[in-house]
Amino acid sequence: MNFSKTIAKIEDGVHKGIVPGASYSIIDGTDQIDEHLGFQELTPERQLLQDNETYDLASLTKVVGTTNVILQLINEHKINVDDSISKYLPEWKSPEVTIRNLLTHTSDIVGYIPHRNELPKNQLIKAELGLSSGDKRSQVLRYQDTNFLFLGWIASKILGKPIHQLIKERVLEPLGLTETTFAPRDISRVVPTQIVPGKGLLRGTVHDPKTQVLQEDSGAAGLFSTQLDLAKFLRFILGENRELTRAVLSDECLGSLFVDQTPTQIGIRSFGWVLTKYDDQPIILHTGYTGTLLIVDRHNHRGLVYLSNRVHPQVNGEPFLKYRSELIHTFMAESNK
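For the working numbering, add 6 to where a residue sits in the sequence shown, where the first one is 1.
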C-alpha cells in the first residue's frame, strides 16, 4: 500500500490548523491503515484524539443509512424509484417530483421557511411539505437536506417506524456496525463539534439543527460512528462478504450506486452518492458538514474514511472546503496509480 501523498495531505490539514484533528482509515484490497492525529477538543480544554473515537457523521447519514433503506424498499417492490412522492406524502403539492429526484438531489425544491430552526417538530414538518419544486427539476443538481427528510418520512409511512429505527434494524445491525448509533453512550469518546450560543459545546448531541428538532424522524443526519465501523461499511459497499451482506443490498442495488441515476443523465449522482470518474472508472463519495468524508473506488478495491471536527470550536468554511477538495483528488490519483 502506498498512499503517502494522501497521508501527508491529512497530516497537513492538522498541522496547518485547518482541522483540530483527524481520524482516517485507508483500504487497499485486504490491507488497511487506521490512524489518528491531532486534537479531539481545543476549548474549553485541549484534549488529544484517542484511537477510534466517535464522530458526528452529519450528512454521511444519508448514504450509510437512508439510501440503503430506500433501496431495500425499491427491491422489495414497496415503492418504485419513479413514483411521485405525492403518492406517499399527499401534503406535498408538486406531484412531478419522484423518488429518483430525491435520491439524486434533482428535485429543485424552492421556497423559504422563516425561523426554520426554531420551529417545533410538527410545524417544521408541515413547513417542509409546504415547499414546492422549481422549473429546473431533473435538469440541475441542487443538494438539499429536504430530499432526504422526505425519503425518511416516506420509509416511515410504509414501514410504520421512524427512519432512525429503520436504519438501525435494516442496516446497522445486519452489517454488524456496533459502534454506529444515533445515541452515543460514552460521551467522553465522542469528538465535540461546535460551541453554540445558549447550548455550549455540542458533544454527543447532533450538530444539524433540523435533526435536533426532528430527532428520530430525520433521514438527513443524526448518525455517530467511528473510523473502524465506517471502514467495515466501505468494505460492504466494495462488495465484500456478499454471502452475509446481500440481505442488506442486493447485487443489483449495490451496483446501482456506481451508475448515473439522474433523470436526465447529468452524470454526477448515483443513488445518494456523488458520482465521479477517474480514468473512466466510477468512484463514489460523500461528505458531511462536520468534516467527514467517504470515498469508494470499486474498480481498484480501495476506499478512504476521513473524519474530522472542522466545525470545532467554530465553523471553518472556505479553507476547509478547498483542503477537502485537494484531499479527494489526492486520494483518487493515488488510488489509480
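Idealized CB from N, CA, C, for every residue including glycine. Remember, predicted model here, so these are calculated numbers, not experimental data.
Just how far apart, CA to CA, sit residue i and residue j?
{"i": "T268", "j": "S90", "result": "15 Å"}
{"i": "S256", "j": "L250", "result": "11 Å"}
{"i": "W159", "j": "H170", "result": "11 Å"}
{"i": "R195", "j": "G273", "result": "39 Å"}
{"i": "H335", "j": "D303", "result": "12 Å"}
{"i": "D285", "j": "S144", "result": "27 Å"}
{"i": "K142", "j": "I164", "result": "29 Å"}
{"i": "E82", "j": "N153", "result": "21 Å"}
{"i": "I290", "j": "G166", "result": "31 Å"}
{"i": "G140", "j": "P101", "result": "12 Å"}
{"i": "G35", "j": "K216", "result": "38 Å"}
{"i": "R308", "j": "I16", "result": "17 Å"}
{"i": "F156", "j": "G210", "result": "25 Å"}
{"i": "D151", "j": "S65", "result": "8 Å"}
{"i": "L172", "j": "V254", "result": "12 Å"}
{"i": "K84", "j": "T184", "result": "28 Å"}
{"i": "L207", "j": "E51", "result": "11 Å"}
{"i": "R275", "j": "L281", "result": "5 Å"}
{"i": "V219", "j": "L125", "result": "8 Å"}
{"i": "M7", "j": "L327", "result": "27 Å"}
{"i": "I119", "j": "P168", "result": "23 Å"}
{"i": "P288", "j": "R252", "result": "21 Å"}
As a quick exercise: from the options, pick the residue whose alpha carbon is nearest that of residue i.
{"i": "L79", "options": "R106, G23 and R209", "result": "R106"}
{"i": "L263", "options": "T110, K167, Q145 and D141", "result": "T110"}
{"i": "S29", "options": "L54, Y118, L313 and I243", "result": "L313"}
{"i": "G294", "options": "Y284, G323 and D285", "result": "G323"}
{"i": "H318", "options": "V20, F156 and L291", "result": "V20"}
{"i": "T67", "options": "K174, L281 and L208", "result": "K174"}
{"i": "N128", "options": "L108, S224 and E185", "result": "S224"}
{"i": "V146", "options": "G166, T270 and L281", "result": "T270"}
{"i": "N315", "options": "Q287, L48 and H292", "result": "L48"}
{"i": "E97", "options": "I131, I76 and P120", "result": "I131"}
{"i": "A161", "options": "K93, R330, D18 and R241", "result": "K93"}
{"i": "Y1", "options": "P168, E185, L108 and V219", "result": "The structure shown has nothing for residue 1, since the chain only spans 7 to 343."}
{"i": "Y329", "options": "K205, P50 and G23", "result": "G23"}
{"i": "G44", "options": "L55, I193 and D37", "result": "L55"}
{"i": "D88", "options": "G27, S113 and T199", "result": "S113"}
{"i": "D37", "options": "I201, F9, P288 and Q53", "result": "F9"}
{"i": "T72", "options": "Y118, Q287, G228 and K283", "result": "G228"}
Which first and last residues belong to the beta strand (DSSP E) in which residue i is found?
{"i": "H336", "result": "The amino acid at residue 336 is misidentified as His; the sequence shows Thr. Premise fails: T336 lies in the alpha helix (DSSP H), E324 to S341, not in any beta strand (DSSP E)."}
{"i": "V75", "result": "From DSSP, V75 is part of no beta strand (DSSP E) but of the alpha helix (DSSP H) over T73 to N81."}
{"i": "H292", "result": "Q287 to G294"}
{"i": "F45", "result": "D37 to E47"}
{"i": "R308", "result": "R308 to S314"}
{"i": "T298", "result": "T298 to D303"}
{"i": "S90", "result": "Counting along the chain, S90 falls outside any beta strand (DSSP E), and DSSP gives it neither H nor E."}
{"i": "S65", "result": "Per DSSP, S65 belongs to no beta strand (DSSP E) and is neither H nor E."}
{"i": "G27", "result": "G27 to D34"}
Quick one: give me the first and last residue of the alpha helix (DSSP H) that residue i is part of.
{"i": "P215", "result": "P215 to L220"}
{"i": "D257", "result": "D257 to S262"}
{"i": "A237", "result": "Q233 to I243"}
{"i": "I173", "result": "I169 to I173"}
{"i": "H21", "result": "S10 to H21"}
{"i": "F154", "result": "D151 to L165"}
{"i": "E185", "result": "Counting along the chain, E185 falls outside any alpha helix (DSSP H), and DSSP gives it neither H nor E."}
{"i": "I105", "result": "I105 to L109"}
{"i": "E249", "result": "R248 to T251"}
Pop quiz: residue i and residue j are said to be a contact at Cβ under 8 Å. What is the actual Cβ separation, rounded to whole angstroms?
{"i": "P203", "j": "T60", "result": "Not a contact, Cβ separation roughly 24 Å."}
{"i": "V197", "j": "Q46", "result": "5 Å"}
{"i": "F337", "j": "L310", "result": "5 Å"}
{"i": "N74", "j": "V177", "result": "5 Å"}
{"i": "N306", "j": "N247", "result": "Not a contact, Cβ separation roughly 19 Å."}
{"i": "L135", "j": "L95", "result": "6 Å"}
{"i": "T187", "j": "F239", "result": "Contact doesn't hold; Cβ gap of about 13 Å is too wide."}
{"i": "D62", "j": "H213", "result": "5 Å"}
{"i": "L234", "j": "D40", "result": "6 Å"}
{"i": "E340", "j": "T12", "result": "5 Å"}
{"i": "V116", "j": "L137", "result": "7 Å"}
{"i": "A237", "j": "S31", "result": "4 Å"}
{"i": "T232", "j": "N58", "result": "5 Å"}
{"i": "V70", "j": "G297", "result": "In fact, because the Cβ distance is near 16 Å, the residues do not count as touching under 8 Å."}
{"i": "G245", "j": "L260", "result": "6 Å"}
{"i": "R241", "j": "I33", "result": "7 Å"}
By DSSP's criteria, residue i is part of a beta bridge. Which residues make up the other side?
{"i": "V196", "result": "T60"}
{"i": "R275", "result": "V280"}
{"i": "S139", "result": "I115"}
{"i": "Q53", "result": "E47"}
{"i": "V202", "result": "G206"}
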